[in-house]
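Chemist: Per the numbering used here, residue 10 is the first one in the sequence shown, and the count goes up by one each step. Note that beta-carbon positions come from the ideal geometry of N, C-alpha and C, so glycine has one too.
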Amino acid sequence: MDVEELKRSLPVGYPYLLIDRVVERGEGRVVTRKCVTVNEPYFQGHFRPPYPSIMPGTMILEGMAQTAGLLLEEGKIAFLGAVERARFHRPVVPGDVLLFTAQVARRRGPVLRAEVRAEVDGKLAAEALLTLVVRDDVGEDR
């Protein structure tokens with residue numbers, strides 16, 4: 010799945026689309042990729058010289074949540090309900106290629122729990138357990 014298909018599948022757009030491509034998609038598991046560039050809008054204000062450019066943890070978490078959202082069936086949308094055990098292990102900087110992995114931990118009714126990871130060069134950058142609330146009637150009662 011390329012970025013154009015992702016734009017149609019996820020409810021977010023620029024500048025919040027934090028996935029460039031789906032690398033792998035199987036039963037209960039999705040792997041996506043994000044090529045981090047110095048042109049990302051969040052680098053303009055997240056640490057200025059002389060400090061190094063570091064991708065904000067919230068943006069890494071958003072990329073993991075978007076990846077988890079791809080675990081859903083077509084036509085469904087998920088809202089982030091909870092973030093547990095979030096850990097950030099290393100900084101992500103321009104030039105890095107992030108691989109996000111989401112795996113279903115449990116699904117009960119409209120609640121999906123997913124174990125998510127972000128890696129750079131095979132090294133763990135971040136991980137969390139996300140709870141998503143799944144809806145298919147968005148816009149009917151907000």
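Checking 7 Å against the spacing of the C-beta atoms, do G84 and D145 come in under that value?
Modeler: Against a cut-off of 7 Å, the Cβ pair of D145 and G84 comes out as a contact.
Chemist: Is it buried or exposed, E13, if we count other Cβ atoms within 10 angstroms and call 16 or more buried?
Modeler: Exposed, because fewer than 16 other Cβ atoms sit within 10 Å of the Cβ of E13.
Chemist: Let me know if V31 comes out buried or exposed under the rule of 16 or more other beta-carbons within 10 Å of its beta-carbon.
Modeler: Classification of V31: buried, given that the 10 Å Cβ count is 16 or more.
Chemist: Hey, A123 and A135 are a contact pair by Cβ (cut 8 Å); roughly how many whole angstroms apart?
Modeler: Between A135 and A123 the Cβ distance is about 14 Å, and since that is not below 8 Å, they are no contact.
Chemist: I need the straight-line Cα distance from P20 to F88, nearest angstrom please.
Modeler: The alpha-carbon atoms of P20 and F88 are separated by roughly 10 Å.
Chemist: Among the candidates K16, T110 and K132, whose CA atom is the shortest distance from the CA of L70?
Modeler: It is T110 whose Cα lies nearest to the Cα of L70.
Chemist: Run the CB neighbour count on V129, radius 10 Å, all protein chains shown included, and call it buried at 16 or more, exposed below.
Modeler: So V129 ends up on the buried side.
Chemist: Using 7 Å as the threshold, is the C-beta distance between T41 and T76 below it?
Modeler: Yes, the pair counts as a contact, with Cβ atoms nearer than the cut-off.
Chemist: What's the gap between the Cα of R116 and the Cα of A95?
Modeler: Taking the straight line from one Cα to the other gives about 20 Å.
Chemist: Please work out which residues of its chain come closer than 6 Å, Cβ to Cβ, to C44, disregarding the five sequence neighbours upstream and downstream, and give them in chain order.
Modeler: So the qualifying residues of the chain are D29 and V106.
Chemist: Within 10 Å of its beta-carbon, does G104 have 16 or more other beta-carbons around it, so buried, or fewer, so exposed?
Modeler: Looking at its Cβ environment, which holds fewer than 16 other Cβ atoms inside 10 Å, G104 is exposed.
Chemist: In chain order, which beta strand (DSSP E) runs of at least 3 residues are fully inside the segment 101-125?
Modeler: The qualifying runs are 106-117.
Chemist: Can you check whether the CB of V113 is closer than 7 Å to the CB of G54?
Modeler: Their beta carbons are not under 7 Å apart, which means G54 does not touch V113 by this criterion.
Chemist: If you reduce the DSSP assignment to three classes, tell me which class G90 lands in.
Modeler: The answer is strand: DSSP assigns G90 an E or B state.
Chemist: Please report the distance separating the alpha-carbon of S62 from that of A137.
Modeler: The alpha-carbon atoms of S62 and A137 are separated by roughly 23 Å.
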